[in-house]
Structure formats: C-alpha cells, structure tokens
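In our numbering, the protein residues as written are 398 to 726. A virtual CB, placed ideally from N, CA and C, is assigned to each residue, including glycine. Notes follow once the structure below has been shown.
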Amino acid sequence: MKVLVTGGAGYIGSITSAELLAAGHEVIVLDNLYQGHRAAVPPEATFVEADLADRGALARLFAEHPGIDGIMHFASYTLVGESMEKPFLYLRDNVVNAANLLEAAAANGVERFILSSTANLFDDPERMPIAEDERIVPGSPYGESKAMIERLLHWMERVHGMRYTALRYFNACGDTPGRGEDHDPETHLIPLVLQVALGQRDHISIFGDDYPTRDGTCVRDYVHVLDLAQAHILALGALDERGSSRYNIGNGEGYTVLEVIETARKVTGHPIPSIVGPRRPGDPATLIASSDALRRDLGWAPRHPKLEDIMASAWAWHQSHPHGYADSE
Ligand code: UFG
Numbered sequence: 398m399k400v401l402v403t404g405g406a407g408y409i410g411s412i413t414s415a416e417l418l419a420a421g422h423e424v425i426v427l428d429n430l431y432q433g434h435r436a437a438v439p440p441e442a443t444f445v446e447a448d449l450a451d452r453g454a455l456a457r458l459f460a461e462h463p464g465i466d467g468i469m470h471f472a473s474y475t476l477v478g479e480s481m482e483k484p485f486l487y488l489r490d491n492v493v494n495a496a497n498l499l500e501a502a503a504a505n506g507v508e509r510f511i512l513s514s515t516a517n518l519f520d521d522p523e524r525m526p527i528a529e530d531e532r533i534v535p536g537s538p539y540g541e542s543k544a545m546i547e548r549l550l551h552w553m554e555r556v557h558g559m560r561y562t563a564l565r566y567f568n569a570c571g572d573t574p575g576r577g578e579d580h581d582p583e584t585h586l587i588p589l590v591l592q593v594a595l596g597q598r599d600h601i602s603i604f605g606d607d608y609p610t611r612d613g614t615c616v617r618d619y620v621h622v623l624d625l626a627q628a629h630i631l632a633l634g635a636l637d638e639r640g641s642s643r644y645n646i647g648n649g650e651g652y653t654v655l656e657v658i659e660t661a662r663k664v665t666g667h668p669i670p671s672i673v674g675p676r677r678p679g680d681p682a683t684l685i686a687s688s689d690a691l692r693r694d695l696g697w698a699p700r701h702p703k704l705e706d707i708m709a710s711a712w713a714w715h716q717s718h719p720h721g722y723a724d725s726e
C-alpha cells in the first residue's frame, strides 16, 4: 500500500516507517521537524516537510501524491506532564491538526486511518489490566485530545465510510540499531535512566513513592517500539476485512519505577543513583494493558516482551548515539 505517515521523523513514526518499507509498502513521511529528526526518516521514504496546521500544504501533498491507501497518524504533542501546563497545545493543536488531516484525507478518498492513541484515556480504570471497553476518563489534556480525535474518527466513518483503528499505546520504549528515542527535552523514564548510566546526568528523580503500588512508585506497562510498529502494520492490513476498531497495546505486565531503574542497573552495570521527589501531576498510579483483543483479532504477539531485552536494545542505541541523531547528522 501507499501509506502516509505523519510524524514519520519522530521516535515511533520513523521506526514504523522503516518496518512498513521492509514489509514492502511505499511510505510518504510528513513531518514539521519540530520534534522529529530528518536523519530518522528512512532514505527510501518520500519526505515532505510540512505542518498539519497548514491546510494548503496538506492539499498540495495529496495533489502531488495521489492514490494514498492509508494514513498512520503519529504527529502529535505527546507529553502528559506538558499538557497539564500547556493544555491548548493539546486541546487545540492536536485536535485541529488531526481534523485538518482528516478533512484532506476524506477529500482525497483515503479509506484507511490508523491513530496513535494512548493509555492516558484511562485515568480511573475499574479493572486492571485495562481492556478496550473500559470507560474513557482522560487523565490529562493530552489524553483528552486523543479521546477527541477518536470521536472525530467515529464521525469520519459515519460520514465518509473511512475505516480506522485507534491503537492505545501504553509505554513505548526500546530502540533499534539505527533509530531510537531522542527527545529534547527528554522526559521519559528509560532514556533518562540511561543518560545517568552514560554519565550525562547525576541521578534519576523518582516522581513520588507514595502511590498505592507494591513499592510506592508508579506501575507502567512497557512495550517495545518494534512491537508497536508491528501492531500498526497488522491493523492496516486487517482494516478492509475487520472494519474499525480500538485496541490497547502493552505486554500485560507492569513494572514499578524502582524495578525499571533496577533493570537498568543490571543491563548497564552502572549504580544509577536515584532521588525521590514529588509526584508529577497527571500520573495515574498503575496502567497495565490487556491486549487480548489485539492478539485474538490481529494475531499480534510481542516479539520483545521482556523488560531486560527492551532495556538492552535502548542501551545499545544510547551507547552508539550518546547525543541521539546529532551523532548521525
Ligand atoms: N518517571 C519518573 N521520573 C522521571 C520520568 C518519569 O519517576 O524522571 C515516572 C513517571 O512518573 C511514570 C513513569 O516513570 O510513572 C513513566 O513515565 P514516562 O514519562 O516515561 O511515561 P508516561 O507514563 O508519563 O507517558 C507515556 C507516554 C504518553 C502516554 C503514556 C501512557 O509518554 O504519551 O505513556 O501510559 F500517554
């Protein structure tokens, strides 16, 4: 298929683009390079530098690249903590950018859409692990923006017959030899811990140790970025047959912040000093996915489910790219 990947210069988007190409698809990457890296875009992909806020640029993209079969929409502001401080980057920009993309997609007859959604839809789950029919209670303006985009998709299907899959990621992590996580500023636990191991930071701050969990720190379900990429490709391939759906993606196992740090100590051999600080606003205590539906419907099976292996893949990337893509540019 001919696939438009928005945010294809970012962490998950670039790795999924590479996997799409390896699976024989044609890829057009759209990215404004605000957070993404030109060096992350696979050379075999067509690259269009444009902003989703620019409807004229979107119209040109579809005119210049007719026959797009499907869209994977990664481009987004993605930080729970930031969204608590700058809600309208999320409640306005994420939502309007998605609406612009959907409007252009519908006008150009695109029938398949895969959305990067989030576990932050589930702030107050009644059951753990969390299944797709859990009630949606966004935990932050970020989660709310994704809930709103899922609603836009509902109407795109009703009005235009566009089929969609919303993939609610739990905690994406891990890297590949050539592409990995490089955010500025970095806010995610695993890359931060590895920056301590590289000697780039003195310590890792633990955001709260008074949560109702086994050691008082937050529990998350860490899922390898390659397994996320695989889920996207399976979802795209199944859309015509299965129709629209929503899936949670995680390994079904939760690790505390302390357990993540301990795993990093084991993998890197570095003591990784830590300091307990206050809670970060917007963080729920525990998020663990049930991916039973994804396994059952699409035959998804994570190839890298062990935290130690995920950490080792991230450590390999951080060692070979201590300054991220600045080392390959
Ligand atoms: N944490 C720390 N110290 C840090 C950074 C993080 O203790 O310096 C903790 C957080 O409080 C959280 C855990 O480590 O409990 C993971 O935090 P991340 O920032 O790595 O990831 P989040 O869980 O906040 O968010 C990620 C994605 C979101 C997505 C969410 C879904 O960034 O887009 O997972 O669970 F919505």
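heavy atom of ligand 1 below 7 Å from residue i C-beta
i	result
Ser542	no
Tyr652	no
Ala516	yes
Tyr598	According to the sequence displayed, residue 598 carries Arg and not Tyr. Checking the Cβ of Arg598 against ligand 1 gives no.
Phe510	no
Tyr487	no
Phe444	no
Ile601	yes
Asp680	yes
Leu476	yes
Residue i CB to nearest heavy atom of ligand 2 below 7 Å
i	result
Pro719	Annotation note on ligand 2: not contained in the displayed structure, which lists ligand 1 as its ligands.
Helix, strand or coil at residue i according to DSSP, with G and I counted as helix
i	result
Asn491	helix
Thr443	strand
Leu427	strand
Thr665	helix
Tyr722	helix
Thr660	helix
Asn497	helix
Arg677	coil
Met553	helix
Leu401	strand
Tyr652	strand
Ala563	strand
Val507	coil
Ala569	strand
Phe471	coil
Local Cβ density within 10 Å of residue i, reported as buried at 16 or more and exposed below that
i	result
Ser414	buried
Arg509	buried
Ile672	exposed
Gln597	exposed
Asp579	buried
Pro560	Pro is not the amino acid found at residue 560; the sequence shown has Arg there. Flag for Arg560 reads buried.
Residue nearest to residue i in terms of C-alpha spacing, selected from the options
i	options	result
Glu446	Trp552, Ala690, Gly405 and Pro535	Gly405
Tyr652	Arg643, Tyr619 and His422	Tyr619
Ile409	Leu636, Ala628 and Asp689	Ala628
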